[in-house]
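>
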Amino acid sequence: MNPALERGRIRSVLFDFDGTLSLIREGWQQIMKPMMVGVLLDLGTGEPEAELAVIVSDFVDRLTGKQTIYQMLELAEQVKQRGGTPRDPLDYKHEYLDRLWQRIAGRVQALKSGETDPDELLVPGSRALLTGLRERGVSLYLASGTDEPYVLDEARALQVDGFFGEHIYGAQDDYKRFSKALIINRIIEIHGLSGPEFLAFGDGYVEIENTKDVGGIAVGVATDEARREGVDQWKRTRLIGAGADVIIPDFREHAQLLPYLFGED
Numbered sequence: 044m045n046p047a048l049e050r051g052r053i054r055s056v057l058f059d060f061d062g063t064l065s066l067i068r069e070g071w072q073q074i075m076k077p078m079m080v081g082v083l084l085d086l087g088t089g090e091p092e093a094e095l096a097v098i099v100s101d102f103v104d105r106l107t108g109k110q111t112i113y114q115m116l117e118l119a120e121q122v123k124q125r126g127g128t129p130r131d132p133l134d135y136k137h138e139y140l141d142r143l144w145q146r147i148a149g150r151v152q153a154l155k156s157g158e159t160d161p162d163e164l165l166v167p168g169s170r171a172l173l174t175g176l177r178e179r180g181v182s183l184y185l186a187s188g189t190d191e192p193y194v195l196d197e198a199r200a201l202q203v204d205g206f207f208g209e210h211i212y213g214a215q216d217d218y219k220r221f222s223k224a225l226i227i228n229r230i231i232e233i234h235g236l237s238g239p240e241f242l243a244f245g246d247g248y249v250e251i252e253n254t255k256d257v258g259g260i261a262v263g264v265a266t267d268e269a270r271r272e273g274v275d276q277w278k279r280t281r282l283i284g285a286g287a288d289v290i291i292p293d294f295r296e297h298a299q300l301l302p303y304l305f306g307e308d
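Just so you know, we're using the numbering used here here: the sequence shown kicks off at 44 and counts up by one.
(1) Within the stretch 203-271, note down every full beta strand (DSSP E) run reaching 3 residues or more, in order along the chain.
(2) Based on Cα-Cα distance, which residue from Pro91, Gln73, Gly273 lies nearest to Arg142?
(3) Classify Leu156 as buried or exposed, calling it buried when 16 or more other Cβ atoms lie within 10 Å of its own Cβ.
(4) What alpha helix (DSSP H) runs, 4 residues minimum, are completely inside the stretch 266-300?
(5) Relative to the C-alpha of Arg281, which candidate in Gln110, Glu272, Phe294, Gly263 has its C-alpha closest?
(6) With 16 other CB atoms within 10 Å as the buried threshold, where does Ala148 fall?
(7) Check each candidate in Gly51, Glu92, Pro46, Val151 and name the one with the smallest Cα separation from Ser237.
(8) Go to Val103, then tell me how far its beta strand (DSSP E) extends in each direction, as first and last residue.
(9) On the three-pair Cβ rule with 8 Å, is the stretch 69-88 touching the stretch 213-222?
(10) Residues bridged to Phe58 by DSSP?
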């Protein structure tokens, strides 16, 4: 995407989690969107369900990559706009997480019991890519819009937590205490980085835009999560729009990707 990319200076690397490395939460939209449509339908405004589904889909997609609470804040605002009294956005978030857990609990339990190989619920090539980065001596960070306890638990279940050590960050109930931009700025400051010394991998516009804001290298991961192969065209378009320097379907080509990014080719 960016032929003028300044390569070969990378010192620190940030990963998003869900959809970038982990596939545990694949299908979360199929839980969140119907829940929200149901909340709006219950207001009895007479709006057709199909119209509400479009409204919900628009704002859920727009806010994907930010902390989950932002989608719930927007749901509360939509309730207000229709004359209703919204619940606390945290209540909406906890209801969504309870529903999502019903979908993914079996996946997590199968990982922990050894029934499922962790690589089956990772974006293909993830472990080899992480290994290659560690061998190059760069600092690795993980930052997710998912609540931190879940991120820590699921990273352990996937056996990738060891790559990041204490550098795993997730959303907090006090949502103003966390953002990917805050984490990125902290990494830049701690390591004294400039521009292309910082690299980020992500499947959402948030980490891509935040990375380009500091002059870093942004790799968009446009994985078709359900199939575990090929490109999700909606993701690809969104990542290009956010300014990604490189778009990849997954990490299968890590043996070519890493030498390219590190200027070893």
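Cβ atoms here follow ideal geometry from the backbone N, Cα and C, with glycine treated the same way.
The structure presented is a predicted model; accordingly, all values stated were derived computationally and were not measured.
Working from what's here:
(1) 211-214, 241-245, 260-264
(2) Position 99 of the sequence shown, counting from 1, holds the residue named residue 142. Ranking the options by Cα distance to Arg142, first place goes to Gln73.
(3) Start at 1 with the first residue of the sequence shown, and residue 156 comes out as number 113. What sits at residue 156 in the sequence shown is Ser, not Leu. Ser156 comes out exposed.
(4) 276-285
(5) Counting from 1 along the sequence shown, the entry for residue 281 is found at position 238. Cα-wise, what sits closest to Arg281 is Gly263.
(6) Along the sequence shown, read from residue 1 onward, the residue named residue 148 stands at position 105. That one is exposed.
(7) Within the sequence shown, numbered from 1, the residue matching residue 237 stands at position 194. Answer by Cα proximity: Gly51.
(8) For this step, residue 103 is matched to residue 60 along the sequence shown. No beta strand (DSSP E) contains Val103, which is instead part of the alpha helix (DSSP H) from 92-106.
(9) no
(10) The sequence position of residue 58 within the sequence shown is 15, counting from 1. In DSSP, Phe58 forms a bridge with Leu185, Phe244.
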